[in-house]
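**Q** Chains as they are written, first to last, in this note's numbering: chain A, -6 to 197; chain B, 28 to 385.
Structure incoming, see below.
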Ligand code: SF4
Ligand code: SF4
């Protein structure tokens, strides 16, 4: 069985927000909700990096342990999903989640929270696979169609990887082996010709 | 056996000393660390670039909210195009603290506290039973609570029971009710509880103001209250200590109700109206995140609620089981003369004088 994982390569992400847009479009995500977001560190300064983040489908998911109605479940692929029919929109999962993944549409009176919505790893929800009701509530079930999450599929620089954990880590490991790590890493330093870097690379 | 405990004790002591030493050694360094945080993403140098980057990723946000209540992290310069609470925070480290407090401290300890208080009451009932007055049942009654006082009391009481039950369902329903009724049915129960709790919650502070204005007059300290407390309201010494309209115990109940009520109202309102949490965050930036405000409010709300519930357990127990004749003051508004003479002798004399004059 695959253990699904996301990985965002901060050396590659160019903050184009295509993943965010692709996700929003693919799943017809409600207003005010973004299942994925790109956060930029030191925007506009040397050493700027961006990271795309969504639900990381934790093995021991904090959201699930605080949910008062126990509506989370983990699929055989290691994807953390929840049941919107049971969710009461209390917001606890958002408080506990390390990555700010759970989001809430403002539906009730006085802007009170609606039912929680979060990244499904394009795996739908508890309804029947690829049914229209599943699509309406949770978005498209690409995993059931034999496809991987659209955000990663769309990523122009292939910074965002999604899929079986061992495959994803193989790809990333290969990248790191090729480009090096830390001071030896090509990328920004080489591109802007930092003194000392070139020599160490050509030396090695 | 004894040797074992002694050795365990001594090893624990040694550990404590070690930790103490470590702390004294470590403090100056950690202080210095915080004072000069390294610039987060340095231009490439000999250091491992990843270290600084991932430090920045994990760094707590020093968020300030813009006019939309959305946090833009200025100090760490973390930005995002997505609009939402704490959207620019990559790793929410406070969540873990809140989660483990709620799941491993508040829930088991709150449950134990409530069970303990109920048990204590049960034991009291078994071993002490009711307190009798001097059982001179002349049938004469005195007016104790006006109709407005009774209406305020029962409205507040009803609200308290509703909020208490719905709140406990939200906290303990997952462990107590799901095994009984199943996930689907509990989803409906929990949804109903949440809506009732949120809609009726804001009435609580209003009723609190009413009961305060209605009853504060007779709840100030009087001479004799201290003696009442020392004698445990008659628990020690056997005789009824002297008391006015309200005895010291009732006064403590009143002031605790007001105090706990204020705390529970403020935290509850913030939880109910997230816009207030954004205001709190603006006023107290040490909270760092919107979520941290909500977590803190939730923790305080839950703890205070369970202490409050225990207090009201005691109140109901005393007013019905322990001191018979008390309840009628809140239902019909009238109490028996003998009840008044034994439990509130000074109030009784006052009332008699008034009646004599009138
Ligand atoms: S919502 Fe958050 S806590 Fe839950 S699985 Fe996703 S990343 Fe983990
Ligand atoms: S918002 Fe829904 S999913 Fe999240 S903890 Fe509350 S009930 Fe569970």
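A virtual CB, placed ideally from N, CA and C, is assigned to each residue, including glycine.
#1: Evaluate residue 24(A) with the Cβ neighbour count: other Cβ atoms within 10 Å of its Cβ, from every protein chain shown; 16 or more gives buried, anything less gives exposed.
#2: Grab the span of the beta strand (DSSP E) containing residue 54(A) for me, first residue to last.
#3: Can you tell me the Cα-Cα spacing of residue 222(B) and residue 108(B), whole angstroms?
#4: Beta-carbon of residue 291(B) versus every beta-carbon of chain A: anything under 9 Å?
#5: Could you run through the stretch 12 to 27 of chain A and flag, in chain order, every residue whose CB is less than 9 Å away from some CB of chain B?
#6: Do you know offhand how far residue 125(B)'s Cα is from residue 106(B)'s?
#7: Kindly indicate the opening and closing residues of the alpha helix (DSSP H) around residue 267(B).
#8: What separation, rounded to the nearest whole angstrom, lies between the Cα atoms of residue 74(A) and residue 91(A)?
#9: What does the Cβ neighbour count give for residue 142(B), buried or exposed, with the cut at 16 atoms within 10 Å?
#10: Helix, strand or coil: how does DSSP classify residue 125(A) here?
#11: Quick check on residue 422(B): does DSSP put it in helix, strand or coil?
#12: Can you find a heavy atom of ligand 1 that lies under 8 Å from the Cβ of residue 237(B)?
#13: Against chain B, which members of the stretch 119 to 146 of chain A pass a CB distance test of less than 8 Å?
#14: If you count every other CB in all the chains shown that lies within 10 Å of the CB of residue 63(B), and 16 or more means buried, which is it?
#15: Looking at chain A, which residues of the stretch 224 to 248 of chain B have a Cβ within less than 8 Å of any of its Cβ atoms?
#16: So what's residue 257(B) in DSSP terms, helix, strand or just coil?
#17: Rounded to the nearest angstrom, what separates residue 205(B) and residue 138(B) at their Cα positions?
#18: Any heavy atom of ligand 2 within a distance shorter than 8 Å of the CB on residue 329(B)?
#19: Cα separation between residue 99(B) and residue 323(B)?
#20: Can you list, in chain order, the residues of its chain with a C-beta nearer than 7 Å to that of residue 170(B)? Leave out the 5 residues immediately preceding and following it.
#21: How long is the line joining the alpha carbons of residue 5(A) and residue 71(A), rounded to whole angstroms?
#22: Going straight from the alpha carbon of residue 8(A) to that of residue 30(A), what length do you get?
#23: Based on Cα-Cα distance, which residue from 257(B), 181(B), 270(B) and 232(B) lies nearest to residue 367(B)?
#24: Chain A partners of residue 213(B), CB-CB under 7 Å?
#25: Under 8 Å: do the stretch 77 to 84 of chain A and the stretch 35 to 51 of chain A share three or more Cβ pairs, one atom per stretch?
#26: Provide the residue span of the beta strand (DSSP E) that contains residue 34(A), from first to last.
#27: Tell me whether residue 95(A), by its Cβ, gets closer than 8 Å to a heavy atom of ligand 1.
#28: Buried or exposed for residue 252(B), going by 16 or more other Cβ atoms inside 10 Å?
#29: Looking only at C-alpha atoms, which of 19(A), 116(A), 171(A) and 155(A) sits nearest to residue 76(A)?
#30: Apart from the five residues just before and just after residue 88(A), which ones in its own chain have a Cβ nearer than 8 Å to its Cβ?
#31: From the DSSP output, read off the bridge partner residues of residue 193(B).
#32: What's the C-alpha gap between residue 128(A) and residue 113(A)?
#33: Considering just the uninterrupted stretch of the beta strand (DSSP E) at residue 44(A), what are its terminal residues?
**A** Reading off the structure:
#1: By the 10 Å Cβ count, residue 24(A) comes out exposed.
#2: Segment: none, residue 54(A) is in no beta strand (DSSP E) and carries neither H nor E.
#3: Using only the alpha carbons, I get a separation of about 33 Å.
#4: It does not; no Cβ of chain A falls within 9 Å.
#5: Residues of the stretch 12 to 27 of chain A with a C-beta atom less than 9 Å from some C-beta of chain B are 13, 25, 26 and 27, listed in chain order.
#6: Going by C-alpha positions, residue 125(B) is about 25 Å away from residue 106(B).
#7: It is not in any alpha helix (DSSP H) - residue 267(B) carries neither H nor E in the DSSP assignment.
#8: In this model, residue 74(A) and residue 91(A) are separated by some 16 Å (Cα to Cα).
#9: Result: exposed.
#10: In this structure, residue 125(A) counts as helix in the three-state DSSP scheme.
#11: Because chain B is modelled from 28 through 385, residue 422(B) falls outside the range shown and cannot be assessed.
#12: Distance from the C-beta of residue 237(B) to the nearest heavy atom of ligand 1 is not below 8 Å.
#13: Of all residues in the stretch 119 to 146 of chain A, none has a Cβ within less than 8 Å of some Cβ in chain B.
#14: Summary for residue 63(B): the model assigns pLDDT 49, below 50, so the residue's position carries little reliability; its value from the coordinates is reported in the next sentence. Exposed is the label assigned to residue 63(B), since fewer than 16 other Cβ atoms lie within 10 Å of its Cβ.
#15: Flagged, chain order: 225.
#16: Under the three-state reduction of DSSP output, residue 257(B) falls in the helix class.
#17: About 17 Å.
#18: No - ligand 2 has no heavy atom lying nearer than 8 Å to the Cβ of residue 329(B).
#19: Reliability fails at residue 99(B), whose pLDDT of 46 lies under 50, so the model's placement of it is uncertain and no value is given.
#20: 360 and 361.
#21: So the alpha carbons of these two residues sit roughly 26 Å apart.
#22: Residue 8(A) and residue 30(A) have their C-alpha atoms spaced approximately 10 Å apart.
#23: Of the listed residues, the one whose Cα sits closest to residue 367(B) is 270(B).
#24: Taking a Cβ-Cβ threshold of 7 Å, the residues of chain A close to residue 213(B) are 62, in chain order.
#25: Cβ pair count under 8 Å is below three, so no.
#26: According to the DSSP assignment, residue 34(A) belongs to the beta strand (DSSP E) that extends over 30 to 34.
#27: Yes - ligand 1 has a heavy atom lying nearer than 8 Å to the Cβ of residue 95(A).
#28: That one is buried.
#29: Among 19(A), 116(A), 171(A) and 155(A), the Cα nearest to that of residue 76(A) is on 116(A).
#30: Within the same chain, residue 88(A) has close Cβ partners 59.
#31: Secondary-structure assignment with DSSP links residue 193(B) through no beta bridge to anything.
#32: Between residue 128(A) and residue 113(A), the C-alpha separation is close to 11 Å.
#33: Note, residue 44(A): beta strand (DSSP E), 42 to 46.
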